[in-house]
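J.: Heads up: the sequence shown at position 134 corresponds to 134 in full-length UniProt numbering, and the numbers run straight through without jumps. Built from N, CA and C at the ideal position, the CB exists for glycine as well. Quick caveat: nothing in here was measured; it's all calculated off a predicted structure.
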Amino acid sequence: MSAKYDDVLANLSKQDKEIEGIKTRLARVENVSTEREVMQLRRQVNDLEQYDRRQNLEVHGIPHKRDECLLEIINDLARDLSLPLLTEQEIDGIHRLQSKPGHVPPILVRFVSRRTKENWQDKRKELQDKKPELRFYDNLTPQTKHLLWLTRTRATEMGYAFAWQRDGKVLVRKRPGEPKIRITCEADLCKIVNENATGSTDAALLATDQQNQS
Numbered sequence: 001m002s003a004k005y006d007d008v009l010a011n012l013s014k015q016d017k018e019i020e021g022i023k024t025r026l027a028r029v030e031n032v033s034t035e036r037e038v039m040q041l042r043r044q045v046n047d048l049e050q051y052d053r054r055q056n057l058e059v060h061g062i063p064h065k066r067d068e069c070l071l072e073i074i075n076d077l078a079r080d081l082s083l084p085l086l087t088e089q090e091i092d093g094i095h096r097l098q099s100k101p102g103h104v105p106p107i108l109v110r111f112v113s114r115r116t117k118e119n120w121q122d123k124r125k126e127l128q129d130k131k132p133e134l135r136f137y138d139n140l141t142p143q144t145k146h147l148l149w150l151t152r153t154r155a156t157e158m159g160y161a162f163a164w165q166r167d168g169k170v171l172v173r174k175r176p177g178e179p180k181i182r183i184t185c186e187a188d189l190c191k192i193v194n195e196n197a198t199g200s201t202d203a204a205l206l207a208t209d210q211q212n213q214s
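1) Whole angstroms are fine: how far does the CA of L97 sit from the CA of P176?
2) Pull up the CB-CB distance for E58 and L108, whole angstroms please, since I reckon it's below 8 Å.
3) Mark P106 as exposed unless 16 or more other C-beta atoms lie within 10 angstroms of its C-beta, in which case mark it buried.
4) Relative to the C-alpha of K14, which residue among V38, Y51 and R43 is closest?
5) Can you pull the DSSP bridge partners for C128?
6) Which same chain residues, not among the five before or five after E88, have their C-beta less than 8 Å away from its C-beta?
7) Relative to the C-alpha of K65, which residue among Q55, H95 and L81 is closest?
8) Under three-state DSSP, which class holds I107?
9) Leaving out five residues on either side along the sequence, give the residues of the same chain with a beta carbon under 8 Å from the beta carbon of K130.
10) Tell me which residues share the same chain as W120 and place their Cβ nearer than 7 Å to its Cβ, disregarding the 5 neighbours each side in the sequence.
11) Can you tell me the Cα-Cα spacing of V170 and I183, whole angstroms?
12) Comparing the C-beta of K125 with each C-beta of chain B, is any distance below 8 Å?
13) Would you mind giving the Cβ-Cβ distance between L189 and R154, rounded to the nearest angstrom? I have them listed as a contact below 8 Å.
14) Contact defined as beta carbons within less than 8 Å: I believe V112 pairs with I91. What is the distance between those atoms, to the nearest angstrom?
15) Roughly how many angstroms separate the alpha carbons of T34 and R25, rounded to a whole number?
16) Mind checking who V170 pairs with in its DSSP beta bridge?
Written as structure tokens, this is what we have:
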């Protein structure tokens with residue numbers, strides 16, 4: 001387990017260096033390159049930062065307690081969902097995220113193993129049944145989160161039934177059974193076209209798209 005943990009830390013260090021390298025290139029070319037080149041570099045930075053979050057899981061809806069032990073709180077939830085209890089060796093970090101005033105700050109869990117995170121994600125529907133006040137979400141970068149919001153807005157306007165994200169990738173689908181379309185940047189929003197002007201948007205599907213499509 002120690003060797004595996006060291007490998008994870010080494011990979012994270014390598015990714016951090018790659019991100020910093022691209023950011024340096026971005027700062028150097030912003031004033032002399034075309035807008036397209038700058039956007040490509042920014043997308044690369046975001047993709048790497050999003051990839052770096054692939055083992056993160058946000059748990060929303062758990063009230064904040066004074067002197068709380070977050071690992072114990074998460075393991076109480078693990079028992080409710082029939083998941084193996086987590087040890088300190090299985091998580092790279094756990095803390096509360098910042099939130100808007102009046103909102104409960106979500107708990108961010110960074111797993112050492114991607115498979116462990118996926119095991120928790122697989123319990124989303126069971127979580128809805130047993131604890132409907134709680135939610136699991138991927139940990140998205142601000143840029144990805146904004147792109148998802150723009151995509152959902154556009155999808156609603158164009159009558160698409162599904163708009164969701166999976167592993168940081170933003171996707172849309174007009175109807176069940178139709179091909180999904182990946183949206184990688186704001187320019188891709190033009191891919192979401194209204195092929196049927198009389199079609200109606202299923203707001204209920206859009207509201208639950210993450211659970212249905214994940």
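T.: To lay it out plainly:
1) Taking the straight line from one Cα to the other gives about 35 Å.
2) The C-beta distance from E58 to L108 rounds to 6 Å, short enough to fall under 8 Å.
3) Burial call: buried.
4) The shortest Cα separation from K14 among V38, Y51 and R43 belongs to Y51.
5) The identity of residue 128 in the sequence shown is Gln, whereas the question assumes Cys. According to DSSP, which records beta bridges pairwise, Q128 is partnered with nothing at all.
6) Same-chain partners within the cutoff: L71.
7) Closest option to K65, Cα to Cα, is H95.
8) Correct three-state label for I107: strand.
9) Around K130: D80 and L81.
10) Shown here for W120: same chain residues with a beta carbon closer than 7 Å to its own, the five before and five after excluded, namely L57, L83 and F136 in chain order.
11) If you take the alpha carbons of V170 and I183, they lie about 5 Å apart.
12) In the displayed structure, chain B is absent; only one protein chain is listed.
13) About 5 Å separates the beta carbons of L189 and R154, which is inside the 8 Å limit, making them a contact pair.
14) A Cβ-Cβ separation of about 7 Å places V112 in contact with I91 under the 8 Å criterion.
15) Rounded to the nearest angstrom, the gap between the Cα atoms of T34 and R25 is 13 Å.
16) Assignment of beta-bridge partners to V170 by DSSP yields Q165 and I183.
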